[in-house]
Each structure stands twice: as C-alpha cells, then as structure tokens.
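Asker: To start, I am sharing the structure in question, which I have written as structure tokens.
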Amino acid sequence: MLNFAVGPVPSNDQVRAIGSQDIPYFRTKEFSEIMLQNERMLCGLAHAPKDSRVCFISGSGTAGMEAAVMGTLDRQDRALVVDGGSFGHRFVEMLSRHHIPHDVIKLVYGTALCEGDLLPYEDKGYTAFLINLGETSQGILYDAELIGSFCARNGLFLIVDTISSFLADPFDMEAIGADVMITGSQKALACPPGVAPIILSPVAMERINRIEQPCMYLDLRLALENGKRGQTPFTPAVGTLLQIYARLQAIEDSGGAAAEVSRVARIAQNFRDLIVDLPLDQRLTSPSNAVTYLSTRDCSARKIFEVLKDEYEIWVCPNGGASAEKSFRVGHIGEHDFADNALLVAALRDVCRRGLMG
Ligand SMILES: *Cc1c(COP(=O)(O)O)cnc(C)c1O
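Shown next, in the form of structure tokens:
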C-alpha cells in the first residue's frame, strides 16, 4: 500500500522499528531526558524565540489547537481568525464554543489571504490572531510575512497552526512573531498520530499563568510545570514521543529544518512536473509543499480515489463536502521518494487511459 494521504503518512524504518517494541515505563530520568531533548530540538527546528517552551499534548492536532485556544485566550480577548478552509473553520468553532469574542475573516475557499483581506481590521482593538499557516484542506500556504507584519503592527497575540506545514514549508517562529505554534506527530514529523507539540513563547506563558485553565486534561499551566523536569501531568503517548525523538535527531543530523523542507519541496515539484499533461488541474495559488490540490474535469474525483485504492493499492487524499466529487489531494510529506511518485503517476496515467478521468 502506497500512502499519499496528508496524515498519517509513511514513516521511515527507524520510526517503524520503534513502533514494534514494547512501551517503556516513563516516570524515569531516561524518559525525562528524551522529553527535554524533544523540547530543545523542536524549538531549534522552529526557530522559537529564546526561553520558549514546548507542551506535548496527547491527542491529534485538534487537541493541540483546542488546548492553545482554551489556555491562552479568554473572554477579555477580541480575536481575529482566518477561515480559509476546514481547518480555519475549526478554529472558528473552538472560539465560539469557548465563548471567546471573535470576528472571522472568511476567505473564498481556494484563495490565499491577501493584504486587502486584512485592511478592514487594522487598528480596531483586536488582541489576538489565529491562522493555519498551511490550510491543508485547500493545499494553500499563507504568506508568513503578511501575517507577521499585520500582527506586529496591531500588537496581536499570534497563534499559528503549522500542523501540516512544519518541516514541509519554511517556518521561523521568531520572524513571524508567533506566540503559539502548534504541530502534530502524524504530518511532516512522519510518526504515528497521538502527539500535538505546542511551542509557547514567553508572552504565551505569561498568558497561561494569568488565564484560568478551564480543562484539566489540556491544562497548559500544569503541562508547563511538569515539563520543567521532562514529564507530563498524565500518561503521554510514550511510544510516539520516542519515535518523535528518533525522527528529530535524524532531521538535525541531516541538515536541519531547511534540508528537510527542501527534500519535501523536491518531492512535491517532481510530482507536479510529472502530471502537467494529465487532465487534472493543479491549484497554483500559493501551494504548500505538503500537498497538491487537484481538480478533475469531467469525472468524479471520489471515483478516482476509490479506483486507486481498490485496484492499484494507492491512497490519495479525498476531499470532503462539496469538493468531494470535483477534487482530491496528493500529500508529499512522510517517507516518499521519486520512485513513489513514478508509481502514482503511472497509476494515474492508467486510470486516464481507461477513460476514467474524463
Ligand atoms: C491535520 C491538520 C490538523 C489536525 O487534524 P487532526 O486530525 O486533529 O490531527 C489541524 N490543522 C491542520 C492545518 C492540519 O493539516
């Protein structure tokens, strides 16, 4: 089975080998040391500001998003949130559910945030800004510089979901001026799902200490306190954290975040080059390296997904809702190489030759 989903994604042999072992007991100095190293490596790879800390939330990326919303914002805030796809919309729903006053910048799905979208919100007394740097559902990467300068100008507390873009697209937490950066184990970290690391700047920690933490399990103050000694308040996804440790070390040893990002960029570009003559329209609006968004012409995208899965043992990533019939996505994160791309493209060509692609 060849997996081109955008998470979970294929893992390397080392990560898989760890997954085949028993899970060790974790209230030990050995595990604490691994956790402190995980924290150090993540801060380095994300270019986190000095004295930033990491909370390792057990749960998928959404748990990380919600922990960040609950733990760093409250009813005194006025948040601005970008809804450019299903993940942006998820932030909107969280803000509503947690009664945090907010306004929504609703984009036409499939378009990138631009200066004009922000103009009406300059100098309007907002306190916080939430955005998914990569809106994975649309295959779009927003402009970090645009976001960073808007937030700096307006003094906004910035929460960035980089769940699919971290290690796939360039990210510099300090340069963008983010206070909270959220990622997930099953995207470009290429580990099993189960851990959502959240990087917190000193400004974020000041908020966490001030704001009442409404949820015990996702209490960031408690997580930070335990994290000082490399521990978590409750049993974490121990196995996934050991896999993250191996993966982060391997990335550090082979040139760091920049090298990993350019590896993913090459895989993405190779795929995009190989399919130019197929009857599929690539979305060219500010594409993320993590994923390619493809529209079909006169055929069902859902059907292509099914045929690839059932007859070629290849998974691509179907879209939900209104787009399900018209588009699908191909992920480039995880343990992929040009040979994988060649197999996928050969299958797509065969589907096309059989007249299934319109
Ligand atoms: C995958 C993803 C998430 C989290 O999804 P989970 O299923 O909860 O892991 C959040 N935001 C973005 C941008 C994502 O790509």
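So the number in the numbering used here is just where the residue sits in the sequence shown, counting from 1, plus 161. Note that the Cβ used here is the ideal one computed from N, Cα and C, for glycine as well. Computed from a prediction, not measured in an experiment: that's the story for all the values here.
#1: Taking a cut-off of 7 Å, which residues have a beta-carbon closer than that to any heavy atom of ligand 1, in chain order?
#2: Look up Glu283 in the DSSP assignment and say whether it is helix, strand or coil.
#3: Let's see if you can read the secondary structure: which residues bound the beta strand (DSSP E) around Gln175?
#4: With H, G and I counted as helix, E and B as strand and the rest as coil, what does DSSP make of Cys513?
#5: Taking Ile184 and Gly245 to be in contact with their CB atoms under 8 Å, please state how far apart those CB atoms are, rounded to whole angstroms.
#6: Tell me the rounded alpha-carbon separation between Asp278 and Gln299.
#7: Over what stretch of residues does the beta strand (DSSP E) that includes Tyr186 continue unbroken?
#8: On the DSSP bridge assignment, give the partners of Gly492 in chain order.
#9: Using only the alpha-carbon positions, how far apart do Ser567 and Gly400 sit?
#10: Taking just the CA atoms, how far does Asp498 sit from Ala339?
#11: Roughly how many whole angstroms lie between the Cα atoms of Gly286 and Val242?
#12: Is Leu302 close to chain D? Criterion is C-beta to C-beta, closer than 9 Å.
#13: Kindly confirm or deny that the stretch 169-182 and the stretch 370-382 touch, where touching means at least three C-beta pairs closer than 8 Å.
#14: State the DSSP-derived secondary structure class of Leu274, mapped to helix, strand or coil.
#15: Do Leu234 and His259 have their C-beta atoms closer together than 9 Å?
#16: Measuring straight from C-alpha to C-alpha, what distance separates Thr457 and Leu328?
#17: Give the secondary structure of Ala426 by DSSP, where H, G and I count as helix, E and B as strand, and everything else as coil.
#18: Once the 5 residues before and after Arg201 are set aside, which same chain residues still bring their CB inside 6 Å of it?
#19: May I ask you to report which of helix, strand or coil DSSP gives Leu403?
#20: Could you pull out every residue in the same chain whose Cβ sits closer than 6 Å to the Cβ of Gln175, ignoring the five residues on either side in sequence?
Answerer: So, from the listed chains and residues:
#1: Val167, Gly168, Ser221, Gly222, Thr223, Ala224, Met226, Phe248, Arg251, Asn293, Gly295, Glu296, Thr297, Asp322, Ile324, Ser325, Gly345, Gln347, Lys348 and Pro354
#2: coil
#3: Here Gln175 belongs to no beta strand (DSSP E); instead the alpha helix (DSSP H) covers Asp174 to Gly180.
#4: helix
#5: The Cβ separation is near 38 Å, so there is no contact.
#6: 18 Å
#7: Neither: Tyr186 is in no beta strand (DSSP E) and is coded neither H nor E.
#8: Val452
#9: Lying before the first or after the last residue shown, residue 567 is absent from the chain, which here runs from 162 to 519.
#10: 32 Å
#11: 14 Å
#12: Checking the listed chains, one finds no chain D in this structure; it contains a single protein chain.
#13: no
#14: coil
#15: yes
#16: 29 Å
#17: helix
#18: none
#19: helix
#20: Ala407
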